[in-house]
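Engineer: I'd like to ask some things about the structure below.
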Amino acid sequence: MKRRKIIAANWKMYKDLAEANDFITFLLEKLPDTNAEIAIAPSYIALWHAFEATRNYPVEIIAQNLHYAEQGAFTGEVSATQLKSVGIQRVILGHSERREYFGESDALLKKKVQTALKNDLNIIFCVGEQLKDRKAGTQVEVVKSQLQNTLFHLNKNDWQHLVIAYEPVWAIGTGETASPQQAQEMHQHIRETITGTYGSDTAEKLSVIYGGSVKPENASALFVQPDIDGALVGGASLEVDSFVEIIKSI
Ligand code: 13P
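Numbers 194 to 443, taken from the numbering used here, label the letters of the sequence shown in order.
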């Protein structure tokens with residue numbers, strides 16, 4: 194089964210408007226030929242410009258988050274409809290930084306997933322265990338319960354709009370990558386968990402990407418694993434050259 198490959202940049206709270214525009218200009222000049230889908234998630238302030246600048250290129254501009262409500266008195270939040278009004282078609286949900294620093298629970302994420310799908314937005318949904326879970330050997334159960342609590346109310350058809358990103362929290366921004374074997378093992382577990390509920394046709398079609406200190410030096414070793422379909426890249430996506438190298442590695 195040939196699955197879609199995806200390399201997505203998560204810029205988090207980095208880059209102002211000028212920096213985001215410069216990055217995109219240089220990226221479009223250097224963009225390598227690839228079969229992978231390329232996506233960039235800038236901060237909200239750069240979404241519109243980035244979307245306009247990439248309109249005729251195979252680079253998708255995606256959002257880092259949304260609020261579950263359609264609209265309302267939620268100061269500082271951004272809705273699915275607002276994202277769609279600037280052309281956005283995909284959103285990252287469930288990132289560990291949202292879970293940890295902004296208290297996003299599985300229950301809240303379930304609502305966000307519903308809102309995204311109702312608004313025809315595709316989702317990169319992040320799961321991943323903390324260091325204490327891995328030390329206790331409970332990483333598989335933790336990831337399984339994140340999937341079950343947030344996504345297993347979905348219909349089989351909904352899964353075509355999803356990509357799962359496995360991001361072990363202990364590997365994010367730490368320079369410590371999960372080894373290709375550790376990542377492959379978890380990706381396989383994720384696929385098996387989804388097979389258990391939705392069947393192997395759904396699971397085999399689902400792209401599962403890895404995130405956590407992906408860089409040019411370790412990308413190829415991750416990408417050759419049979420269940421790793423790409424990457425969600427933080428730090429190494431902030432420089433055009435390293436992001437391009439990662440794209441070339443897939
Ligand atoms: P780093 O690549 O900086 O570890 O970040 C990974 C991440 O959180 C992507 O969403």
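Each residue gets a CB set at the ideal place from its N, CA and C atoms; glycine is no exception.
(1) What distance in whole Å lies between the Cβ atoms of G423 and I443, which are believed to be in contact at a cut-off of 8 Å?
(2) Please name the residue or residues paired with H260 in a DSSP beta bridge.
(3) Tell me whether I443, by its Cβ, gets closer than 7 Å to a heavy atom of the ligand 13P.
(4) What separation, rounded to the nearest whole angstrom, lies between the Cα atoms of A246 and F436?
(5) Could you tell me whether the Cβ atoms of D299 and Q339 are closer together than 8 Å?
(6) Rounded to whole angstroms, what's the CA-CA distance from A440 to L425? Just pull it up for me.
(7) For M379, count neighbouring Cβ atoms within 10 angstroms of its own Cβ and tell me buried if that reaches 16, exposed if not.
(8) Return the bridge partner residues of Y403 from the DSSP annotation.
(9) At a threshold of 7 Å, does S435 count as lining the ligand 13P (C-beta to nearest heavy atom)?
(10) Mind checking whether I447 and I357 have CB atoms under 8 Å apart?
(11) According to DSSP, is L314 helix, strand or coil?
(12) Find out if the Cβ-Cβ distance for the pair W204, P251 is shorter than 8 Å.
(13) Could you give the residue range of the alpha helix (DSSP H) that holds I199?
(14) Please identify the residue among Q307, K328, K408, K325 whose C-alpha is closest to the C-alpha of V346.
Structural biologist: Quick look at the numbers:
(1) About 6 Å; that satisfies the 8 Å criterion.
(2) S272
(3) no
(4) 18 Å
(5) yes
(6) First, the residue type needs correcting, since residue 440 is Ile and not Ala in the sequence shown. If you take the alpha carbons of I440 and L425, they lie about 11 Å apart.
(7) buried
(8) Y359, A424.
(9) Not under cutoff, so the answer is no.
(10) No statement about residue 447 is possible, as the shown extent of the chain runs from 194 to 443 and does not include it.
(11) coil
(12) Going by C-beta atoms, W204 is not nearer than 8 Å to P251.
(13) Careful: I199 lies outside any alpha helix (DSSP H), inside the beta strand (DSSP E) at 199 to 203.
(14) The sequence given here has His at residue 346, not Val. The candidate whose alpha carbon is nearest that of H346 is Q307.
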